[in-house]
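Undergrad:
Residue numbers (this note's numbering), protein chains in the order written: chain A, -1 to 412; chain B, 6 to 290.
1. Using CA atoms only, rank isn't needed, just tell me which of B/206, B/180, B/99 and B/18 is closest to residue 272 of chain B.
2. Give a yes or no on contact between the segment 58 to 66 of chain A and the segment 3 to 12 of chain A, applying the rule of three or more CB pairs nearer than 8 angstroms.
3. I want to know whether the segment 125 to 134 of chain B touches the segment 23 to 31 of chain B - three or more CB-CB distances under 8 angstroms.
4. Quick check: residue 348 of chain A and residue 365 of chain A, are their CB atoms within less than 7 angstroms of each other?
5. Going along the chain, which residues of the segment 177 to 195 of chain B sit with their C-beta nearer than 7 angstroms to a C-beta in chain A?
6. So if I threshold CB-CB distances at 7 angstroms, which residues from the segment 77 to 89 of chain A count as touching chain B?
7. Starting from the C-beta of residue 18 of chain A, find all residues in its chain whose C-beta is less than 6 angstroms away, skip the five residues before and the five after it, and write them out in chain order.
8. Could you pull out every unbroken alpha helix (DSSP H) segment of at least 4 residues lying fully inside the segment 31 to 83 of chain B, listed in chain order?
9. Should residue 88 of chain B be labelled buried (16 or more other beta-carbon atoms within 10 Å of its own) or exposed?
10. Between A/242, A/111 and A/126, which lies nearest to residue 67 of chain A when the distance is taken from Cα to Cα?
11. Please report the straight-line C-alpha distance between residue 211 of chain A and residue 54 of chain A, rounded to a whole angstrom.
12. I'd like to check one pair, residue 135 of chain B with residue 193 of chain B: are the Cβ atoms closer than 7 angstroms?
13. Between B/161, B/188, B/150 and B/162, which lies nearest to residue 178 of chain B when the distance is taken from Cα to Cα?
14. Let me know the secondary structure DSSP gives residue 174 of chain A once reduced to three states.
15. Going straight from the alpha carbon of residue 22 of chain B to that of residue 93 of chain A, what length do you get?
16. Mind pulling the chain A residues with CB within less than 7 angstroms of residue 57 of chain B?
17. What in chain A is Cβ-close to residue 25 of chain B, meaning under 8 angstroms?
18. Which value, in whole angstroms, describes the spacing of the CA atoms of residue 54 of chain B and residue 137 of chain B?
19. According to the Cβ coordinates, are residue 118 of chain A and residue 50 of chain B closer than 7 angstroms?
20. At least one CB of chain A closer than 7 angstroms to the CB of residue 284 of chain B: is that the case?
21. Mind pulling the chain C residues with CB within less than 8 angstroms of residue 130 of chain B?
22. Would residue 309 of chain A pass as a contact of residue 297 of chain A if the rule is Cβ separation under 7 angstroms?
23. Which residues in the same chain as residue 410 of chain A place their Cβ atom closer than 8 angstroms to its Cβ, once the five residues preceding and following it in sequence are excluded?
24. Do we get a CB-CB distance below 7 angstroms when we pair residue 225 of chain A with the residues of chain B?
25. Among B/115, B/161 and B/248, which residue has its Cα nearest to the Cα of residue 139 of chain B?
26. Quick check on the DSSP output: the beta strand (DSSP E) that includes residue 50 of chain A runs from which residue to which?
27. Strictly below 7 angstroms CB to CB, what residues from chain A border residue 49 of chain B?
28. Is the beta carbon of residue 207 of chain A closer than 7 angstroms to that of residue 91 of chain A?
29. Could you give the first and the last residue of the continuous alpha helix (DSSP H) run that contains residue 121 of chain A?
30. For residue 175 of chain B versus residue 97 of chain B, is the C-beta distance shorter than 7 angstroms?
31. Please work out which residues of its chain come closer than 6 angstroms, Cβ to Cβ, to residue 153 of chain B, disregarding the five sequence neighbours upstream and downstream, and give them in chain order.
32. Can you round the beta-carbon distance between residue 82 of chain A and residue 49 of chain A to whole angstroms, since I take them to be within the 8 angstroms contact cut?
33. Interface residues of chain B around residue 16 of chain A at Cβ under 7 angstroms?
34. Quick check on residue 176 of chain A: buried or exposed, where buried means 16 or more other Cβ atoms within 10 Å of its Cβ?
35. Rounded to the nearest angstrom, what separates residue 39 of chain B and residue 215 of chain B at their Cα positions?
36. To the nearest angstrom, how far is the alpha carbon of residue 248 of chain A from that of residue 273 of chain A?
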């Protein structure tokens, strides 16, 4: 067995538990009602949810652990527990006294304060001393390219400026163990190139790196080992090529399995950057139209679990030029992002086209068109066609999300 | 695949990994040590919240003076002028209690809001979360000390001149801050789980305001209720502040000692309660 100093992160039978009775937006009324109904003991058995269970791995210094898995498989929870955000509820984990830091943009920023003050604040949240911050502040400011705006309150910044500031703080602090949730890319092309270089420097210098990503190319390029999480458990852990191959195989299997559930006469034709899904719904066309155009109806079938959408934030103004807004929570770092689409065509009850502006993060430049036709037997044929600017790996995820939502719509209207 | 299967496939120094011993007291001690390590962040949070609270107002820092004075004026007009039931030094009498009560309210409400507001940071970074409410209590304490200076000035036209006894504000305020910290920690932790708490507490404070001798002297309370009435620690605290400002005398040390003891108990309980709940904060999705 190797000496301890060879290791950076070791986890043994790691478990993280969520108490479902203590979830957000609970009110006293809810809890009291539950207890009054004698439901307390009934829910006790199912009140726990293990986000991670029995996870073991040993990461040596200089190694890069790639973590893959579907949304909700426990990847972000794993990063949180390594970062020390909460202690494990079972098993043990050690970083041998090293600081493990999740690289995030703008954690702890106070928009009322200036960019400079926020550098101090953000770095302090990450646990860096005043001395360390003072020795880096000039480099951080220069890297951010904010110039004289560094003295202006962050609330006056554009989102690009904010991201640049957040990125500059994050990459100048050099944690011993770096936790990355997707490789961050911010700013214009020039800044992106610079930030990728800096990130490379940072990952080279870190004693170990844990990288969560949906991009198999990235994982295969960077990781020395891969941990595949499935429902909070380790599905496979080992050499990168071996695990990744099996993971990708399964991901495509999963999509294929979707086909028989698609309803009558399903057809799913996928080409490089386009997704087309056809469903026959057992409901008249007017009803299907309402399911797409009324917020309370849409909120019932949009699969919020997959994309972590906060359905209560949904607003829609269904007319040509009107907007569609929905806030999603990034499952990995908890940051919120608002997707904003513009209705391009609204022809009740036949056709609906939404376009997402190019600068939008996840759906940049996507156009989604839904056409409803009435074959005259009380059913509705729905064809969804979307073009999405994304990598092959992400296309699979987007497709699975759409399919899952449309399954729910079919169920709701059945 | 079960954990044991995965385990056997993994080589590593697992034998040396024992689950850490944990207990509430250990966790609390770890939190105290982490707070010392993050004292830099605590300082930044205090100064940034003090700087930004009035940053969008025309009067800015002047609100530090205006806030207590306007409150005082409202009650002086209401009780002194309309009800005509007040002595000549009534404004000083109520201002003394108002600024002390404001310390409690500002600290608790600030702590409750700050703990909720930093949800995202709590989910991403490991930092001692107690510093969020603590920074608000410290900020409210700074407000109080400033307002106490204003009080001494305001008292002069009423024939009450500052004396050396005013320096005793430091031990009295320390007792109150101890008590307030305990309350603020308790309420802000509870509010993360039950958002009703923050709303309810507004009304509890309003009721407490009238149940405490802010606007009236203790002597108006009938004797037979006095033993219960005096259980309210603010009866002792207001008495103490008024003694050093208006009567140029020492506070009733024995009562203050009892309140100090109770406040330490409140602080310890509030701290333990917060520490017990805080690891779940990041898990509330």
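From the three backbone atoms N, C-alpha and C, an ideal C-beta is built for every residue, glycine too.
TA: From the atom records:
1. Here the closest residue by C-alpha is B/180.
2. yes
3. no
4. no
5. none
6. Within the segment 77 to 89 of chain A, the residues whose Cβ lies closer than 7 angstroms to some Cβ of chain B are 78, 81, 82, 83, 84, 85 and 89, listed in chain order.
7. 45 and 47
8. 44 to 57 and 68 to 80
9. exposed
10. A/242
11. 19 angstroms
12. no
13. That would be B/150, whose Cα lies nearest to the Cα of residue 178 of chain B.
14. coil
15. 11 angstroms
16. 108, 110 and 111
17. 85 and 90
18. 11 angstroms
19. The beta carbons of residue 118 of chain A and residue 50 of chain B sit no closer together than 7 angstroms.
20. yes
21. The structure shown contains no chain C; its protein chains are A and B.
22. Yes, Cβ-Cβ distance for residue 309 of chain A and residue 297 of chain A is below 7 angstroms.
23. Only residues of its own chain outside the window of five on either side were considered, and among them 289, 298 and 299 have a CB closer than 8 angstroms to the CB of residue 410 of chain A, listed in chain order.
24. Not flagged as an interface residue toward chain B: residue 225 of chain A, since no C-beta distance is shorter than 7 angstroms.
25. Distances from the CA of residue 139 of chain B to each of B/115, B/161 and B/248 were compared; the closest alpha carbon is that of B/115.
26. 46 to 58
27. 118, 119 and 122
28. no
29. Where residue 121 of chain A is concerned, the enclosing alpha helix (DSSP H) stretches over 113 to 123.
30. Their beta carbons are not under 7 angstroms apart, which means residue 175 of chain B does not touch residue 97 of chain B by this criterion.
31. 174
32. Not quite, the Cβ-Cβ distance comes to about 16 angstroms (not below 8 angstroms), so this is no contact.
33. 288
34. buried
35. Taking the straight line joining both Cα atoms gives about 39 angstroms.
36. 20 angstroms
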